[in-house]
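These notes are about the structure you will find just below.
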Amino acid sequence: MPFTFAHPAVVLPFLRKNGPLSTSGLIVGSLVPDFEGFLRMEVNGNWADSWPGILLFNIPVAIGILFLYHGLVKQLFLRILPYFLAIRLVFSLTFNWVPYFWNHWVRVLISILLGVFTHLLWDDFTHYDGYIVNYYYDFFYRKLWGISLFNVFQFVSSVLGIILVFLFVLKLPEEKAQLPSLKYRLMAWGFIGLLTATFLGIRGIYGFQELGSFVFSAIGCFLWALLALSIAVRIFNTYGLKTKKLPGQSE
């Protein structure tokens, strides 16, 4: 399958300031089908790719991700990104998600669904069991340097997608931002790395059937680690424990 974080490349043409669609909904919708694998820490989950899964998994999980990200994770995550990324993304720290969602929930749901469909369509061209791949079996299973064409498309499209997303972010205007010190950011990434390694070590007790399972597990463990540290920082700051509050962070 294409690399998960290349998928937002497909929704970039729909991103408009004050446009009819939700930027957050589009981006998370384009990512969420892979979260079944991150949560299961296995590569072989395919329920999120089914019609029932779209309604019963993708939509509720996407909404949950959006509330967690905007309400908790972004306050830490965006501030500890590399400086050249942080100054282009911190503008969203002041975005108040909760009232936006309740006032525009139909827009958010439509945006999530559009993002999900772009993800599934892309997968159809690059999965061995994709509908389009199997419908045009003779074409997609041709070998190029000993590799099936759908696998070639998977790799090439992933690289192009990541490049497009990266270039899109670089074109965002820079903003003046009061960011944590380099020491603080390095410590935060160190804690995230330690937690990720710990969670992955626990998951490894049960073994990895294939490389894909390891990759999905590693990404899943990283996401859990990021969430855990975000919760810890919020608790420390809320209850006045002796932790340095992030510059500009609200209570």
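Numbering (numbering that gives the first Met the number 0), first residue to last: 0 to 250. Using N, Cα and C, we set each Cβ at its ideal position, and we do this for glycine too.
Under 8 Å between C-beta atoms of residue i and residue j
i: F213; j: T195; result: no
i: T117; j: F152; result: no
i: L228; j: F190; result: yes
i: F66; j: E35; result: no
i: D48; j: P59; result: no
i: V89; j: A176; result: yes
i: F37; j: F215; result: yes
i: A8; j: G160; result: yes
i: L178; j: Y82; result: yes
i: D123; j: G114; result: no
i: M40; j: G211; result: no
i: F2; j: S157; result: yes
i: S180; j: H103; result: no
Continuous alpha helix (DSSP H) stretch holding residue i: start and end
i: K182; result: 181–203
i: V10; result: Segment: none, V10 is in no alpha helix (DSSP H) and carries neither H nor E.
i: A217; result: 210–237
i: Q298; result: Examination of residue 298 is not possible in this model, given that the chain is present from 0 through 250 alone.
i: G70; result: It is not in any alpha helix (DSSP H) - G70 carries neither H nor E in the DSSP assignment.
i: V31; result: Counting along the chain, V31 falls outside any alpha helix (DSSP H), and DSSP gives it neither H nor E.
i: F83; result: 82–88
i: H118; result: 104–125
i: N133; result: 130–134
Among the options, nearest to residue i - alpha-carbon criterion
i: R87; options: I234, L120, F165; result: F165
i: L112; options: L25, I218, Y183, I161; result: L25
i: L92; options: I79, W101, W104; result: I79
i: G28; options: G52, L159, V42, F139; result: G52
i: Y337; options: W144, F149, G145; result: Look at the range of the chain in this structure, 0 to 250, and you will see that residue 337 is not part of it.
i: V72; options: Y82, W96, W50, L54; result: W96
i: A5; options: G219, R39, F154, K142; result: F154
i: P19; options: R106, L171, W50, P7; result: R106
i: L226; options: M186, F94, L54, L75; result: L75
i: L120; options: I64, I230, V132; result: V132
i: E209; options: V10, V42, S23; result: V42
i: F94; options: A85, S110, G70; result: G70
i: A187; options: I230, S23, L54, Y238; result: I230
i: A85; options: K170, K142, A224; result: K170
i: I109; options: K142, L54, W144; result: L54
i: R184; options: I64, L77, N45, W46; result: L77
i: S23; options: E174, F100, N45, W46; result: F100
i: G192; options: P172, A217, G206; result: A217
One or two residues paired with residue i in a DSSP bridge
i: L143; result: I146
Any chain B beta carbon closer than 8 Å to residue i
i: P51; result: Among the chains of the structure shown, chain B does not appear; only one protein chain is present.
- Message: Tell me whether the segment 7–27 and the segment 192–206 touch, counting them as touching only if at least three CB pairs, one residue from each stretch, are closer than 8 Å.
- Response: Because the criterion of three Cβ pairs below 8 Å is not met, the segment 7–27 and the segment 192–206 do not touch.
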